[in-house]
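Visitor: Taking my numbering, the leading residue of the sequence shown gets 479, the next gets one more, and so forth.
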Amino acid sequence: MAGIDPGGTPPTGAAELRALAVATLEGNWEHDHTVPSRTLYPHQWSWDSAFIALGWAHLRPDRAWRELRTLFAAQWADGRVPHIVFNPAARVGSYFPGPDFWDSAVADGAPAVATSGLVQPPVHALAAWLAYRRAPSATARSALRWLYPRLVAQQRYLTGARDVGGAGLAAIVHPWESGLDNSPAWDEPLAAVPADAAVLRAYRRHDTTHADAAHRPTDLDYARYVALVESYRAGRYRDEGLVGRHPFLVECPLVNTALGAAEHALAEIATVVGVDPGGHRERAGRITAALVERLYDPVTGTFHPRDLRTGRLVPARTALGLVPLLLPDLPAGQVEAVLTEARSPRFGLAARMDRPLPSHDRTAPDFEPLRYWRGPSWLNLGWLLWQGLRTHGRPELAAGLAASMTALVATAGCHEYFHPDTGAGLGSPRFGWTAALLLDVLATG
Numbered sequence: 479m480a481g482i483d484p485g486g487t488p489p490t491g492a493a494e495l496r497a498l499a500v501a502t503l504e505g506n507w508e509h510d511h512t513v514p515s516r517t518l519y520p521h522q523w524s525w526d527s528a529f530i531a532l533g534w535a536h537l538r539p540d541r542a543w544r545e546l547r548t549l550f551a552a553q554w555a556d557g558r559v560p561h562i563v564f565n566p567a568a569r570v571g572s573y574f575p576g577p578d579f580w581d582s583a584v585a586d587g588a589p590a591v592a593t594s595g596l597v598q599p600p601v602h603a604l605a606a607w608l609a610y611r612r613a614p615s616a617t618a619r620s621a622l623r624w625l626y627p628r629l630v631a632q633q634r635y636l637t638g639a640r641d642v643g644g645a646g647l648a649a650i651v652h653p654w655e656s657g658l659d660n661s662p663a664w665d666e667p668l669a670a671v672p673a674d675a676a677v678l679r680a681y682r683r684h685d686t687t688h689a690d691a692a693h694r695p696t697d698l699d700y701a702r703y704v705a706l707v708e709s710y711r712a713g714r715y716r717d718e719g720l721v722g723r724h725p726f727l728v729e730c731p732l733v734n735t736a737l738g739a740a741e742h743a744l745a746e747i748a749t750v751v752g753v754d755p756g757g758h759r760e761r762a763g764r765i766t767a768a769l770v771e772r773l774y775d776p777v778t779g780t781f782h783p784r785d786l787r788t789g790r791l792v793p794a795r796t797a798l799g800l801v802p803l804l805l806p807d808l809p810a811g812q813v814e815a816v817l818t819e820a821r822s823p824r825f826g827l828a829a830r831m832d833r834p835l836p837s838h839d840r841t842a843p844d845f846e847p848l849r850y851w852r853g854p855s856w857l858n859l860g861w862l863l864w865q866g867l868r869t870h871g872r873p874e875l876a877a878g879l880a881a882s883m884t885a886l887v888a889t890a891g892c893h894e895y896f897h898p899d900t901g902a903g904l905g906s907p908r909f910g911w912t913a914a915l916l917l918d919v920l921a922t923g
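1) Whose C-alpha, out of R547, T512, L804, H893, is nearest the C-alpha of L622?
2) Alpha helix (DSSP H) containing V721: first to last residue?
3) Do the region 729–737 and the region 754–772 meet, that is, are 3 or more Cβ pairs less than 8 angstroms apart?
4) Check whether the region 903–910 touches the region 862–879, counting contact only when three or more Cβ pairs, one atom from each stretch, lie closer than 8 angstroms.
5) Give the range of the alpha helix (DSSP H) segment to which L732 is assigned.
6) In the DSSP assignment, the alpha helix (DSSP H) including E819 goes from what residue to what residue?
7) What is the C-beta distance between V651 and H724, in whole angstroms, given that I count them as a contact (C-beta under 8 angstroms)?
8) Does the pairing of the region 529–539 with the region 600–608 give three or more beta-carbon distances under 8 angstroms?
9) Taking just the CA atoms, how far does G903 sit from S837?
10) Please classify P436 as buried or exposed, where buried requires at least 16 other C-beta atoms within 10 Å of its C-beta.
11) Rank S620, A705, P577 by C-alpha distance to the C-alpha of I747 and give the top, closest one.
12) Which word fits S615, buried or exposed, when buried means at least 16 other C-beta atoms lie within 10 angstroms of its C-beta?
13) Whole angstroms is fine: what's the gap from A480's alpha carbon to D526's?
14) When burial is assigned at 16 or more other CB atoms within 10 Å of the CB, is L916 buried or exposed?
15) Consult DSSP for R623 and reduce its assignment to one of helix, strand or coil.
16) What ranges does the beta strand (DSSP E) occupy inside the region 839–883, keeping only unbroken runs of at least 3 residues that lie completely in it?
17) Using 8 angstroms as the Cβ pair cut-off and three pairs as the minimum, do the region 808–816 and the region 848–855 touch?
18) Closest to P566 by CA distance: which of Q522, A585, L803, R538 is it?
19) Quick one: Cα of A588 to Cα of W654, how far?
20) Under the assumption that A921 contacts H536 (Cβ atoms under 8 angstroms), give the Cβ distance between them as a whole number of angstroms.
21) Which stretch, first to last residue, makes up the alpha helix (DSSP H) that contains E508?
22) What does the alpha-carbon distance come out to for the pair A914 and G901?
23) Please state whether the Cβ-Cβ distance between T884 and P802 is less than 7 angstroms.
24) So the candidates are V792, L835, I765, Y895; which of them puts its Cα closest to the Cα of G638?
25) Is it right to say R544 is buried, meaning 16 or more other beta carbons lie within 10 angstroms of its own, or is it exposed?
26) Between L808, A670, T617, which lies nearest to V750 when the distance is taken from Cα to Cα?
27) Would you decide whether P627 is buried or exposed? Buried here means 16 or more other CB atoms lie within 10 Å of its CB.
28) Would you tell me roughly how many angstroms separate the C-alpha atoms of A492 and P793, rounded to the nearest one?
29) Is the region 548–565 close to the region 586–601, with three or more CB pairs under 8 angstroms?
30) Quick check: the Cα distance between S572 and S656, rounded to an integer number of angstroms?
31) For the alpha helix (DSSP H) containing L537, list its first residue and its last residue.
32) As a quick exercise: from D510, H897, H893, V919, pick the residue whose alpha carbon is nearest that of L518.
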């Protein structure tokens, strides 16, 4: 770590890359959690913390467990894990939408600390299991025992209150819950959400202060995001009766892949903490079966979100369709179809990759290489696919993807995301999950 400047000239060697990642995580540590970045994201984000815990597991396992413990200390009584936990020490107005906008105190069962009312993909059980495998110890087992019932409660919330479609999958009520906030996957269902860009005159966006507006969601999209939060908040964040009152309800491939992967991880955790894993394995199988039945399109050979308002699959071909490869019990037919999609010119996966993995079909007319989630490359999406490739015995493709991800940081540093053609760094610098997942890839080889 000595002599490494996270904002300086990117390094090239593995040792220098590791030192850069360590310096980034250390610089973003905030007493009991890690902020995604010191510029745009001054609070704790849910799936960021899961990925970041994996990085800490290679450096400071105590921080990995503290990261997850801090997040789950803000879990709601119904089991939901909020996508933002607000730091009361942060400057008022440092982020929009902030705690006053969310007003989580209106909800029954919200924690004492201010949070958002939304969730993010439940990658936490997988992160906890992998963190334990990276650094097993008596302390780690104790941490798993504390986390286990909370992870189970998270699953129960998503497969219970959020099973709006009645088929065993969780629905998201906002694009932010997918993690891929501004993906073209949400354009069609969002178009039905009434909003006027003029509504933003009452607010001040902070993202366009720290990043070029041409790289971020448009004002009209952001107005729809605000309208959806206001709709959900008006119902005090209750999930009963969503079909009758909420304008955005979608089954997301990433959220539900994470849901299934969590059950597989919980089965492993259960064996460590002395609980019968059988129920987790059964639920994992049901989720995978429902995912294939509901979200796989045999015509396109990939997975798509299902808009519960229309009952139709969203036609956009995004990296969301590749993520189900993470599931170890994905049927062979779908494994091969996803691999075909990933290797196509749309995404360019190869043993020797010419360009980074994009977040959206690079052959599509609405592909935007600079705009948030509409084309740029992200290390967390690459990491999820990398895990899936290793799970399904494709080491040559996994190695090609790992080399591509490593080259991004070697070229541009630990940025939030990257240009899908040039590899140039975009978004926030010194980004936490980029550093953490790079450490995991470097350590795994």
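C-beta: ideal position from N, C-alpha, C; glycine also.
Guide: In short, the structure shows the following:
1) As a working mapping, residue 622 is identified with position 144 in the sequence shown. Looking at the Cα atoms, R547 is the closest of the given residues.
2) Position 243 of the sequence shown, counting from 1, holds the residue named residue 721. Taken as a continuous stretch (DSSP letters only), the alpha helix (DSSP H) holding V721 covers 720–723.
3) Output reads yes: the region 754–772 touches the region 729–737.
4) Of all C-beta pairs linking the region 903–910 to the region 862–879, fewer than three are shorter than 8 angstroms, placing the two stretches out of contact.
5) Counting from one through the sequence shown, the residue named residue 732 turns up at place 254. Element bounds for L732: 731–751.
6) Start at 1 with the first residue of the sequence shown, and residue 819 comes out as number 341. Here the alpha helix (DSSP H) through E819 covers 810–821.
7) Position 173 of the sequence shown, counting from 1, holds the residue named residue 651. Position 246 of the sequence shown, counting from 1, holds the residue named residue 724. At roughly 6 angstroms, the Cβ-Cβ gap stays under 8 angstroms, so V651 and H724 are in contact.
8) Judged by Cβ distances under 8 angstroms, the region 529–539 makes contact with the region 600–608, as three or more pairs qualify.
9) Counting from 1 along the sequence shown, the entry for residue 837 is found at position 359. Counting from 1 along the sequence shown, the entry for residue 903 is found at position 425. Cα-Cα distance, rounded: 15 angstroms.
10) The shown model of the chain, from 479 to 923, leaves out residue 436, and the question about it has no answer.
11) If you number the sequence shown from 1, residue 747 lands on position 269. The candidate whose alpha carbon is nearest that of I747 is S620.
12) Translated into the one-based positions of the sequence shown, residue 615 becomes position 137. Here S615 is exposed: its Cβ has fewer than 16 other Cβ atoms, across all protein chains shown, within 10 Å.
13) Stepping through the sequence shown from its first residue, residue 480 is reached at position 2. Stepping through the sequence shown from its first residue, residue 526 is reached at position 48. Reliability fails at A480, whose pLDDT of 35 lies under 50, so the model's placement of it is uncertain and no value is given.
14) Reading the sequence shown from its first residue, position 438 is the one you call residue 916. Of the other Cβ atoms in all chains shown, 16 or more fall within 10 Å of the Cβ of L916; this residue is therefore buried.
15) Against the sequence shown, residue 623 aligns to sequence position 145. Looking at R623 - three-state DSSP - the assignment turns out to be helix.
16) You should have found no qualifying run.
17) No contact exists between the region 808–816 and the region 848–855.
18) In the sequence shown, the residue the question calls residue 566 occupies position 88. Measuring C-alpha to C-alpha distances from P566 to each of Q522, A585, L803, R538 identifies Q522 as the nearest.
19) Along the sequence shown, read from residue 1 onward, the residue named residue 588 stands at position 110. Along the sequence shown, read from residue 1 onward, the residue named residue 654 stands at position 176. Going by the C-alpha atoms only, they are around 19 angstroms apart.
20) Start at 1 with the first residue of the sequence shown, and residue 921 comes out as number 443. Start at 1 with the first residue of the sequence shown, and residue 536 comes out as number 58. About 5 angstroms; that satisfies the 8 angstroms criterion.
21) As a first step, residue 508 is located in the sequence shown; it is residue number 30 there, counting from the start. Element bounds for E508: n/a, residue is neither H nor E.
22) One-based indexing of the sequence shown puts residue 914 at position 436. One-based indexing of the sequence shown puts residue 901 at position 423. Our two residues, A914 and G901, have alpha carbons roughly 19 angstroms apart in a direct line.
23) Translated into the one-based positions of the sequence shown, residue 884 becomes position 406. Translated into the one-based positions of the sequence shown, residue 802 becomes position 324. No, the pair does not count as a contact, with Cβ atoms beyond the cut-off.
24) Within the sequence shown, the letter at position 160 stands for residue 638. Across the set V792, L835, I765, Y895, the C-alpha of I765 shows the shortest separation from the C-alpha of G638.
25) If you number the sequence shown from 1, residue 544 lands on position 66. R544 counts as buried, since no fewer than 16 other beta carbons sit within 10 angstroms of its beta carbon.
26) Translated into positions along the sequence shown, residue 750 becomes position 272. Out of L808, A670, T617, T617 has the C-alpha closest to the C-alpha of V750.
27) Numbered from 1 along the sequence shown, position 149 holds the residue referred to as residue 627. Per the 10 Å Cβ criterion, exposed.
28) Indexing the sequence shown from 1 puts residue 492 at position 14. Indexing the sequence shown from 1 puts residue 793 at position 315. For A492 and P793, the gap between their C-alpha atoms comes out near 40 angstroms.
29) A contact exists between the region 548–565 and the region 586–601.
30) Position 94 of the sequence shown, counting from 1, holds the residue named residue 572. Position 178 of the sequence shown, counting from 1, holds the residue named residue 656. Taking the CA atoms as reference points, S572 sits about 23 angstroms from S656.
31) Position 59 of the sequence shown, counted from the first residue, corresponds to residue 537. Per DSSP, the continuous alpha helix (DSSP H) segment holding L537 begins and ends at 524–537.
32) Sequence index remark: in the sequence shown, residue 518 carries index 40 (1-based). When only C-alpha atoms are compared, the closest one is H893.
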